Amino acid sequence: MSLGISITQYLQQVRNGSTSAEEYVTKTLERIEKVEKKVHAFISVNENALTQAKQIDKKLKAKEKVGSCLGMPVSIKDNICTKGMKTTCASKMLEDFVAPYDATVVSRLKSHDAIIIGKANLDEFAMGSTTEFSYFGSTRNPWNTDYVPGGSSGGSGASVSALECLASLGSDTGGSVRSPASFCSVVGLKPTYGMVSRYGLVSFANSIEQIGPLARTVEDVAFILNIISGHDLHDNTTLGNGKLDYTKDLDAGISGKKIGIISEMIGDGIDRDVAAATNRAVSKLQRLGAECIPISIDSSVHSVAAYYTIASAEASSNLARYDNVRYGYNFDLEGYEFNAYISKARGSFGSEVTRRMLLGAFVLSAGYYGKYYLKAQKVRSMIKSQLDEAFKKVDLLIAPTMPILPFKIGEKIDDPLTLYLLDINTIIANLAGIPAISVPCELAHGLPIGIQFFANSMQEKMLLQAAYALHKTTNLPEVPL
Amino acid sequence: MTKIGLEIHCQLTKLESKLFCSCKADYRSFESNVNICPVCIGLPGSLPVLNQKAVEKAAMIAIALSCKVPQKIGFFRKNYFYPDLPKSFQITQYNAYGPTSIGYDGKVLIEDKEIKIRRIQLEEDPGRLVYEGSSEKTQVTLVDYNRAGTPLVEIVTEPDFETPKQVRLFLNLLADLVENLGVSDPSLEGALRVDGNVSINKGNKVEIKNVGSFRDIEKALHFEITRQQSLAERNIPIPSETRHWDEARKITVSARSKEEEQDYRYFPEADIPTILIDKTVIERLGKNMPESIISKKERYIKKYGIPLQVAEVLSSDKFYSDLFEQSHNEKNAKEIANLITTDLKGFADTKEQREQLKLTPKHLLDLADAIMNNRLTRNSGKIALQEIVKTGKPLSEIISSLDLGHVDDEFSLVKVVNDVFVEEEKAVAEAKNNPDTINYLVGKVMKKTKGKANPTLTLDLIKKKLDVT
Amino acid sequence: MVKRQEIERLGDLIKIEIKNPEKYVKQVEQIINYFESLDKLEVSSDKILTQELTLEKLREDKYIPYDEKLVEKLKHTKENFVKAPKMI
Chain A
2 MSLGISITQY LQQVRNGSTS AEEYVTKTLE RIEKVEKKVH AFISVNENAL
52 TQAKQIDKKL KAKEKVGSCL GMPVSIKDNI CTKGMKTTCA SKMLEDFVAP
102 YDATVVSRLK SHDAIIIGKA NLDEFAMGST TEFSYFGSTR NPWNTDYVPG
152 GSSGGSGASV SALECLASLG SDTGGSVRSP ASFCSVVGLK PTYGMVSRYG
202 LVSFANSIEQ IGPLARTVED VAFILNIISG HDLHDNTTLG NGKLDYTKDL
252 DAGISGKKIG IISEMIGDGI DRDVAAATNR AVSKLQRLGA ECIPISIDSS
302 VHSVAAYYTI ASAEASSNLA RYDNVRYGYN FDLEGYEFNA YISKARGSFG
352 SEVTRRMLLG AFVLSAGYYG KYYLKAQKVR SMIKSQLDEA FKKVDLLIAP
402 TMPILPFKIG EKIDDPLTLY LLDINTIIAN LAGIPAISVP CELAHGLPIG
452 IQFFANSMQE KMLLQAAYAL HKTTNLPEVP L
Chain B
2 MTKIGLEIHC QLTKLESKLF CSCKADYRSF ESNVNICPVC IGLPGSLPVL
52 NQKAVEKAAM IAIALSCKVP QKIGFFRKNY FYPDLPKSFQ ITQYNAYGPT
102 SIGYDGKVLI EDKEIKIRRI QLEEDPGRLV YEGSSEKTQV TLVDYNRAGT
152 PLVEIVTEPD FETPKQVRLF LNLLADLVEN LGVSDPSLEG ALRVDGNVSI
202 NKGNKVEIKN VGSFRDIEKA LHFEITRQQS LAERNIPIPS ETRHWDEARK
252 ITVSARSKEE EQDYRYFPEA DIPTILIDKT VIERLGKNMP ESIISKKERY
302 IKKYGIPLQV AEVLSSDKFY SDLFEQSHNE KNAKEIANLI TTDLKGFADT
352 KEQREQLKLT PKHLLDLADA IMNNRLTRNS GKIALQEIVK TGKPLSEIIS
402 SLDLGHVDDE FSLVKVVNDV FVEEEKAVAE AKNNPDTINY LVGKVMKKTK
452 GKANPTLTLD LIKKKLDVT
Chain C
-12 MVKRQEIERL GDLIKIEIKN PEKYVKQVEQ IINYFESLDK LEVSSDKILT
38 QELTLEKLRE DKYIPYDEKL VEKLKHTKEN FVKAPKMI
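See the structure below:
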């Protein structure tokens, strides 16, 4: 029995008896045991996973009703609340925090009988692109463990890629699901803003972020989207989606579709291997019947500045509640005055988080609101308008997910602005609230390259169909780990 | 020239749930930290979910104060750190970037002075701090989050008040108004809180905070005006500052001097979308609002001929005006209004007394009927009313058990009159010439009959006996 | 020009004790300068993206007690109060 199967295959195998939840979960736990010291994708592993798997097998045997996930092991990024298990956000500030409730996406997965196999590593509070800012140490790329796995959902990407689970839920604020998907050679989707409930997602930039699934196939991602998407009473920003079935007609193909190649994202500055892979992907799409034309989204060059202005501002407010008074880490308040205590306690944030909060405080401080924050919001609006215009001419947009190949751990960690600029291809989707997906494309020097599709708001069905069509033509080797 | 402005916080105690979660809006009956959930204590990952009725009730207050209600309202974050603020920001409303709060540009008339309402905003209350032992010695604050997230309406006026008395009248009007609208019970502790600001002669503005009750705000304002005037007389500059009302010493005291302008870094709350309030919704709210106090008063006067004083007392008391509405008809309205304001209110005025009131609208109807048809004297009526309030027994039962019926038959009355004439020889002699003394004799008969004698008949009999017309 | 004092002021605003403010000076300045590129940009409209929700779609005003005893899961409790350092 191979671990490297898709969700679709797992479900088939459980239904036809060729495997069981217990067998697959046991193998998964053994795999985790074996590779974690090299990959470090997990912050915590669920001790009750095997017990839960056995219970599902028992119900299946007794022909009782079992949820559609049939015990499949899923990892959850550690900034998404799981009841009874720690949710640390990879930060000392939440080192001991155990959420008393499940995020909506987690309770939906659980009610479909998925098993939460563990909490995946991330950049602290989801702020970063390489997972190197985790308080608990970096995650490593399963394709070459000297290299970064992408971020901030690096643990999610790596755990799926390293066959430590069948799927993962990550969060994407500036590309944090798509970047690790691209660097780890898996599929990763950022849904339309409002498509998936954020209740239980520890807020970083609440007007921008969305929870998104990572898996090894597009069909798997669609399967998970079915479960986690839709209106939620606990989240005023969720939209209904009419309970669409995203797995239906997934293989409809892209014949006749118009696809725009974003010219600003394949110009100078991108890696030669990435450019070449992108061109080959475009050729494939043309052979599949799509019309590919270059399209300019010139406001996208301002997307990084606009994004970091807004995201930092929101972060400085969203993280203000972490004062170690109600929950946090062990630090006795005896002898301290309030401001002195919380300032000292909050000194335990990592440097990237601190940096962003300082920036956020700056752009919102008295007198600066109009110049920075408000202006950035207007630029954001301008980007959305340009994209709306583009989608009048084309059905989808395409670009490489990351402008460069995965790089070595430690290589860019001292240059924050350089790291920010790596998000240049992914950020427009977050700012405009539109859905985007990264699918594995090629390998160069053993390192993964991903290609990214964008669609207009609520157009996940078409997006997934295009991703499916391209991914089917891709034949990549198994992960070497 | 004195200028006073007010900032009033009114809890929407009549709501069932908090502003952004389903915990109970009225937190007063709970043990500490029981009325909480992940949202109102700001646990990681929690999100606010807006209460529809809170928006409607806040809109009603705005309409009642003649404010404009925008068709798009939004929420903002006010960021600061304090032990009672679980998210380290308050979700509130803010108009600096455009009118997005629930009401703005309103007005109220107090003693013919127009008081402009700058804005009305919907926001959440923080938790409560309790100090262990003496607040100087202790190092620790105890926090109770039961109140965190309770819906508040903040009402900010322009500094249009000229005297503390106007402020008092306004606050009484506001208390009656919110009670009459059914949005808040101002008698609950902490339901209505006031801060003020005072300046004289176009000078610096001084904020007055920490005033416990409405009575105190008038005192605090008087004190502050006097304080500022005495400084001005001696040419001492009045600094712009925040002062606290010291309840014990009855003075305002400068608050801690590190009162630099707090930078709250206001920005839009993205977890709550812009709320669209259709014009027709605002119209419907206005139409379905409970009748205003002024309108009730005018109706009582015009339609039923109720005297002004009585109408004023009745219309501004929601409990009793509701009772009036349920028990009156065209004929007995005046009598019932009278019964309520003259007698009943005296017997049952406190909150507990009203809650325990056994009197029903039918009681009032029967009582008014009996008095108007001369089956009961007004005096007996008062006694009966007191008994009804206590026991709730039907009127007929009370009349017979307390023997309150009229003494109507001439035969028994003549006997009493004769008795009185014997006892009051001197008065009888006077009465032949002095009509006042006749009333005195009537009074004596009433006393002997425990108020049951028919006064008209008694007067006739006495006059006959005196041989006077 | 971002100076050490500015970092300290910002640190105080968001209540974070910053042990070595110099470390942040250069990086924060660099990033703020990068943000300046937006200042020079001309935008054709003042529109800002917002989600909208009609009044009718809002939550019903109903009291639903939370079914867990939350205070036991919080730190620093004493007789069911949360203990916090005193504000002076």
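As given, the protein sequences belong to chains A, B and C, one line each in that order.
Going by the working numbering, the first residue of the first sequence is number 2, and it counts up by one from there.
Going by the working numbering, the first residue of the second sequence is number 2, and it counts up by one from there.
Going by the working numbering, the first residue of the third sequence is number -12, and it counts up by one from there.
For each residue, glycine too, the CB sits at the ideal point set by N, CA and C.
Remember, predicted model here, so these are calculated numbers, not experimental data.
Open item on the list: Run through the DSSP bridge pairs and tell me what residue 10 of chain B is partnered with.
Closed with: Note: residue 10 of chain B sits in a beta bridge opposite B:155 and B:194.
Task: Near-chain E residues of the stretch 84 to 96 of chain A (beta-carbon distance less than 9 Å), N- to C-terminal order - done: Absent from the structure: chain E. Protein chains present are A, B and C.
- [ ] Kindly list the residues whose CB is nearer than 6 Å to the CB of residue 147 of chain B, restricted to its own chain and excluding five residues on each side of it in sequence; keep chain order.
- [x] Scanning its chain for C-beta atoms nearer than 6 Å, with the 5 sequence neighbours on each side dropped, one finds around residue 147 of chain B the residues 28, 31 and 36, in chain order.
Open item on the list: Output needed for residue 295 of chain B: all residues of its chain with C-beta closer than 8 Å, excluding positions within five of it in sequence on either side, in chain order.
Closed with: Residues 316 of the same chain have their beta carbon placed closer than 8 Å to that of residue 295 of chain B, with the five preceding and five following residues left out of the count.
TODO: Taking only the alpha-carbon atoms, compute the straight-line gap between residue 118 of chain A and residue 79 of chain A and give it to the nearest angstrom.
DONE: Between residue 118 of chain A and residue 79 of chain A, the C-alpha separation is close to 12 Å.
Task: Cβ neighbour criterion (16 or more within 10 Å) applied to residue 287 of chain B - done: So residue 287 of chain B ends up on the exposed side.
Open item on the list: Just to confirm the assignment: which complete alpha helix (DSSP H) runs, minimum length 4, are found wholly within the stretch 403 to 449 of chain B?
Closed with: With a minimum length of 4 residues, the continuous alpha helix (DSSP H) runs that stay inside the stretch 403 to 449 of chain B are 411 to 424, 426 to 432 and 436 to 449.
- [ ] Mind listing the chain A neighbours of residue 21 of chain C? Cutoff is C-beta to C-beta under 7 Å, in chain order.
- [x] Those are 306 and 418, listed as they occur along chain A.
Open item on the list: So for residue 255 of chain A, helix, strand or coil by DSSP?
Closed with: Residue state, collapsed to three classes: coil.
Task: Whole-angstrom distance between residue 60 of chain B and residue 260 of chain B, CA atom to CA atom - done: Low confidence applies here, because residue 260 of chain B scores a pLDDT of 48, under 50, leaving its location unreliable and the question unanswered by this model.
Open item on the list: Beta-carbon within less than 6 Å of residue 429 of chain A's beta-carbon, same chain only, minus the 5 sequence neighbours each way: which residues are those?
Closed with: So the list reads 301, 304 and 384, once near-sequence residues are dropped.
Open item on the list: Just checking: is the beta-carbon of residue 53 of chain B within a distance shorter than 7 Å of some beta-carbon in chain C?
Closed with: Chain C contact via Cβ: present.
- [ ] Starting from residue 120 of chain B, follow the beta strand (DSSP E) in both directions and report where the run begins and ends.
- [x] Residue 120 of chain B -> beta strand (DSSP E) spans 114 to 125.
TODO: Check the Cβ of residue 272 of chain B against every Cβ in chain A and list those closer than 9 Å, keeping chain order.
DONE: Per Cβ cutoff of 9 Å: 199, 204, 207, 208, 236, 237 and 238.
TODO: Over the uninterrupted alpha helix (DSSP H) stretch that includes residue 486 of chain B, give me the two end residues.
DONE: Summary: the structure shown does not reach residue 486 of chain B, with chain B confined to residues 2 through 470, and so no result is reported for it.
- [ ] Give me whichever residues DSSP pairs with residue 132 of chain B in a beta bridge.
- [x] Note: residue 132 of chain B sits in a beta bridge opposite B:142.
TODO: Quick one: residues in its chain with C-beta nearer than 6 Å to the C-beta of residue 119 of chain B, no 5 flanking neighbours on either side, listed in chain order?
DONE: Around residue 119 of chain B: 157 and 159.
Open item on the list: Please report whether the beta-carbon of residue 43 of chain B lies at a distance below 7 Å from any beta-carbon of chain A.
Closed with: So, interface residue.
Open item on the list: Taking the straight line between their C-alpha atoms, what separation do you get for residue 334 of chain A and residue 83 of chain B?
Closed with: A straight line joining the alpha-carbon of residue 334 of chain A with that of residue 83 of chain B spans about 15 Å.
Task: Helix, strand or coil at residue 169 of chain A according to DSSP, with G and I counted as helix - done: Residue 169 of chain A: strand per DSSP, three-state reduction.
Open item on the list: Can you check whether the C-beta of residue 365 of chain A is within less than 7 Å of a C-beta belonging to chain B?
Closed with: At least one chain B Cβ lies under 7 Å of residue 365 of chain A.
Open item on the list: Just to confirm my understanding: we take residue 13 of chain A, look at its own chain, exclude 5 residues before and 5 after, and list those with CB closer than 6 Å. What are they?
Closed with: Nothing meets the Cβ criterion.
Task: Near-chain A residues of the stretch 2 to 34 of chain C - C-beta to any C-beta below 8 Å - done: The residues in question are 2, 3, 4, 5, 6, 10, 11, 14, 15, 17, 18, 19, 21, 22, 24, 25, 26, 28, 30, 31, 32, 33 and 34.
Open item on the list: Is residue -12 of chain C close to chain B? Criterion is C-beta to C-beta, closer than 7 Å.
Closed with: When Cβ-Cβ separations below 7 Å define contact, residue -12 of chain C makes no contact with chain B.
TODO: Please state whether DSSP places residue 64 of chain C in a helix, a strand or coil.
DONE: Here residue 64 of chain C sits in strand by DSSP.
Task: Of the listed residues B:97, B:439 and B:183, nearest to residue 11 of chain B (C-alpha basis) - done: In terms of Cα proximity to residue 11 of chain B, the closest of B:97, B:439 and B:183 is B:183.
Open item on the list: Taking DSSP's pairing of strands, which residues face residue 245 of chain B in a bridge?
Closed with: Note: residue 245 of chain B sits in a beta bridge opposite B:210 and B:254.
Task: Those runs of the beta strand (DSSP E) which lie wholly inside the stretch 134 to 196 of chain A and span at least 3 residues - done: Counting only runs of 3 or more residues that sit fully inside the stretch 134 to 196 of chain A, the beta strand (DSSP E) segments are 168 to 173 and 188 to 191, in chain order.
TODO: Can you grab the Cα-Cα spacing for the pair residue 72 of chain A / residue 115 of chain A, in whole Å?
DONE: Rounded to whole angstroms, residue 72 of chain A to residue 115 of chain A spans 5 Å at the Cα level.
TODO: Check whether the Cβ of residue 266 of chain B lies closer than 7 Å to any Cβ atom in chain A.
DONE: Yes - at least one Cβ of chain A is within 7 Å of the one on residue 266 of chain B.
- [ ] Step through the CB atoms of chain A and report whether any lies within less than 7 Å of the CB of residue 55 of chain C.
- [x] Chain A, which has a Cβ nearer than 7 Å to the Cβ of residue 55 of chain C, makes this yes.
Open item on the list: So if DSSP puts residue 309 of chain A in a beta bridge, which residue, or which two residues, is it bridged to?
Closed with: DSSP lists no bridge partner for residue 309 of chain A.
TODO: Anything in chain A within Cβ reach of residue 297 of chain B, meaning under 7 Å, just list it in chain order.
DONE: Within 7 Å of the CB of residue 297 of chain B, no CB atom of chain A is found; the nearest one sits about 38 Å away.
Open item on the list: Taking 7 Å as the threshold (beta carbon to beta carbon), is residue -8 of chain C in contact with chain A?
Closed with: Taking Cβ atoms only, chain A never reaches closer than 7 Å to residue -8 of chain C, which makes this a no.
Open item on the list: For residue 48 of chain C, would you say it is in contact with chain B, using Cβ-to-Cβ distances shorter than 7 Å as the test?
Closed with: Chain B, which has a Cβ nearer than 7 Å to the Cβ of residue 48 of chain C, makes this yes.
- [ ] Determine, using beta carbons only, whether residue 391 of chain A comes closer than 7 Å to chain C.
- [x] Interface annotation, residue 391 of chain A: not in contact with chain C, CB-CB separation never under 7 Å.
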